[in-house]
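Working notes, beginning with the structure itself.
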DNA sequence: TTGAAAGCGCTAACAG
DNA sequence: CTGTTAGCGCTTTCAA
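Residue numbers (UniProt numbering), protein chains in the order written: chain A, 1 to 338; chain B, 1 to 338.
Have a look at this one:
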């Protein structure tokens with residue numbers, strides 16, 4: 001049916017070996033041969049069989065994107081914009097380089113086994129979209145072509161966003177705008193990103209002499225809603241929120257509005273991520289942009305380059321994106337007021 | 001390194017063929033042999049090499065999820081919740097059945113070629129998350145293990161949501177709530193889903209004797225925002241919106257709010273999809289639920305079952321989810337008012 | 001520079 | 001029921 005390399009070789013009047021050499025563009029075949037093979041390839045419309053190639057080389061041209069789902073099922077995947085963004089970041093760099101993207105949603109309970117399976121199916125490498133440090137280290141021990149997009153054990157190559165700095169900046173900005181009762185809604189207690197953003201908030205409040213008004217959400221809209229509601233009841237004088245993810249922030253806005261307060265007139269709010277949720281909220285959220293697509297694209301390029309990722313570490317900046325959920329209440333300059 | 005089937009066979013004292021039979025659970029090996037092989041597998045921790053298996057059988061245990069990106073780049077992917085939902089639907093049915101999920105974002109410009117590549121890498125089958133009828137038919141001609149999640153040429157097996165009915169019901173509901181100036185924001189003119197939802201709106205307005213107040217968005221938040229703004233300027237007396245997707249609806253809510261109107265007090269709005277965008281909006285959106293996860297899971301199961309999908313067609317209902325963006329302005333019963 | 005030949009690990013006829 | 005024997009399509013030593 002489909003032409004094989006044998007067909008190409010025959011048509012070109014060379015051996016399979018030579019055909020293979022020119023097709024893979026490796027030295028050891030030359031001038032006339034190359035031309036003839038190329039001609040044959042074109043004439044036959046030959047496409048190498050990737051499976052056979054993978055069997056022979058022991059390596060599949062695919063990148064594994066791994067997300068460990070802590071929730072039961074994979075509900076997380078369908079609702080949180082984060083995963084889409086890493087896919088959107090990886091996808092374009094795979095265009096035209098003949099590589100595929102495999103997605104793995106690994107259940108927390110069976111994570112070790114499932115990760116072993118993935119590690120043993122040698123590919124171009126794996127990108128951890130979300131994972132715990134222990135699992136990342138576990139995987140890395142079996143497969144060195146790995147890049148994590150969240151903070152992990154220092155042994156694992158990683159691209160990290162400046163979560164601490166971003167959170168600090170958010171609070172600092174809120175402070176500059178004149179807010180003094182700045183509450184925070186943090187993410188899951190064990191999530192590395194959540195931990196870092198919380199650390200940033202804490203550092204900022206301490207340095208600025210602000211009270212610590214914290215609650216936990218869980219990186220879900222409902223969590224943000226409930227936490228905001230509760231904080232507002234306990235501390236009715238809150239005048240601003242720092243929320244560790246836009247999804248939660250969207251929920252928080254709803255709770256704030258429902259409490260009879262207006263955003264940003266009565267309370268300002270800064271989210272984190274700059275995901276689609278930020279822009280779907282009403283008003284659109286001022287937020288700290290996590291460059292997920294850029295990070296994912298970088299990770300993919302790293303793996304594509306081949307070779308074990310020599311303990312690569314890179315930090316990505318987290319920057320403020322001003323929209324309409326913040327307002328200057330002090331004497332200073334205007335900022336995204338409506 | 002890793003044990004092969006040969007190792008298993010040797011340890012079990014049988015031939016490779018027999019080992020293969022019991023491992024693949026096919027008849028033609030029996031009693032004692034089976035036990036010995038199973039024991040050997042367990043002792044060695046043997047895992048079949050999927051690549052070798054794929055080469056031998058000519059079929060990879062993977063499901064291809066294909067989305068044709070009409071936009072330049074793959075920006076769509078990162079912002080629209082739809083793709084996440086189909087992934088979230090497919091993923092769980094692949095758990096424990098030793099199958100992988102490959103994601104393909106095919107650029108419209110090079111679609112035919114890229115689709116040919118995918119079709120020729122024989123897998124368990126392909127799911128069209130989003131595609132145009134012509135491309136679907138093109139692909140189907142080369143690979144019959146295919147299911148589309150959007151309306152296509154009638155030759156291609158498909159799972160379709162009742163977009164027409166859903167849109168009709170949305171308008172009808174708005175009408176029941178007492179609204180008489182019901183505007184619509186439609187999706188891309190060439191998108192099958194958008195076309196159907198538009199048809200449903202048109203049918204409803206005609207049957208109910210309502211004016212046609214339509215604008216087009218593009219299934220993006222910005223599109224919804226701009227269209228709503230424009231409609232409101234042209235027809236200041238609009239009292240309700242039917243918006244063909246939640247993302248656009250979120251944008252519309254922002255525009256409505258910005259125009260000084262309140263949702264739902266001054267204008268009601270019903271979205272479409274029931275995606276994360278509906279619930280991130282403020283107020284949360286009443287919407288027509290598209291059962292994307294269920295559809296995707298069904299598609300995956302169909303492909304997993306093997307064999308060419310014999311012109312399977314199935315329609316999924318689209319149902320109203322009441323939240324807080326609609327309000328009864330007539331004498332009737334209450335509905336999601338705040 | 002080239003070709004012959006030996007696999008990669010597994011499945012599937014076919015013959016016993 | 002079982003083992004032998006060919007491949008699947010490609011890469012890659014190893015000689016020539």
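Don't be surprised by glycine CBs; every beta carbon is placed ideally from N, CA and C.
Rounded Cβ spacing between residue i and residue j (contact assumed at less than 8 Å)
i	j	result
residue 256/A	residue 215/A	In fact, because the Cβ distance is near 13 Å, the residues do not count as touching under 8 Å.
residue 65/B	residue 129/B	6 Å
residue 149/A	residue 278/A	No, residue 149/A and residue 278/A are not in contact; Cβ-Cβ is about 19 Å, not under 8 Å.
residue 303/A	residue 77/B	That belief does not hold up - the Cβ atoms of residue 303/A and residue 77/B are roughly 19 Å apart, past 8 Å.
residue 152/A	residue 126/A	No, residue 152/A and residue 126/A are not in contact; Cβ-Cβ is about 12 Å, not under 8 Å.
residue 92/B	residue 297/B	7 Å
residue 320/A	residue 169/A	6 Å
Simplified DSSP assignment, three categories, for residue i
i	result
residue 235/A	coil
residue 207/B	helix
residue 150/A	coil
residue 348/A	For chain A, the structure presents residues 1 to 338; residue 348/A sits outside this window and is missing.
residue 130/A	strand
residue 242/B	strand
residue 13/A	coil
residue 102/A	strand
residue 165/B	helix
residue 202/A	helix
residue 319/A	strand
residue 190/A	coil
residue 125/B	strand
residue 158/A	strand
residue 325/A	coil
residue 173/B	helix
residue 29/A	coil
residue 107/B	strand
Cutoff 6 Å; reference residue i; Cβ partners in own chain excluding five residues on either side
i	result
residue 248/A	185, 217, 223 and 224
residue 281/B	250 and 253
residue 198/B	186
residue 311/A	157
residue 3/A	44 and 46
residue 274/A	287, 289 and 321
residue 237/B	181
residue 114/B	106
Beta carbon of residue i nearer than 9 Å to that of residue j
i	j	result
residue 270/A	residue 287/A	yes
residue 67/A	residue 22/A	no
residue 322/A	residue 272/A	no
residue 123/A	residue 61/A	yes
residue 268/B	residue 326/B	yes
residue 166/A	residue 200/A	yes
residue 290/B	residue 324/B	no
residue 17/B	residue 36/B	no
residue 30/B	residue 84/A	no
residue 231/B	residue 261/B	no
residue 7/B	residue 40/B	yes
residue 171/B	residue 204/B	yes
residue 103/A	residue 103/B	yes
residue 131/A	residue 101/A	no
residue 173/A	residue 210/A	no
residue 219/B	residue 80/B	yes
residue 183/A	residue 242/A	yes
residue 196/A	residue 163/A	yes
residue 351/B	residue 112/B	Since the displayed chain B opens at 1 and closes at 338, residue 351/B lies outside it and no answer follows.
residue 175/B	residue 202/B	no
Spatial neighbours of residue i in its chain, beta-carbon cut-off 7 Å, leaving aside the 5 residues before and after
i	result
residue 20/A	5
residue 98/A	61
residue 294/B	89 and 316
residue 330/B	177 and 178
residue 14/A	33, 36 and 37
Residues near residue i in its chain [Cβ-Cβ closer than 8 Å; skip 5 each side]
i	result
residue 155/A	137, 140 and 311
residue 119/B	126, 139, 142 and 143
residue 334/A	Caution is warranted here: a pLDDT of 42 is assigned to residue 334/A, below 50, making its placement in the model unreliable, and the coordinate value is therefore given only provisionally. Cβ neighbours of residue 334/A beyond the five flanking positions: 328.
residue 263/A	253, 256, 257, 269, 283 and 325
Item to check | In chain order, each beta strand (DSSP E) run of at least 3 residues that lies wholly inside the stretch 257-312 of chain B | outcome: 268-273 and 286-289
Item to check | Continuous beta strand (DSSP E) assignments of at least 3 residues falling wholly in the stretch 58-98 of chain A | outcome: 60-69
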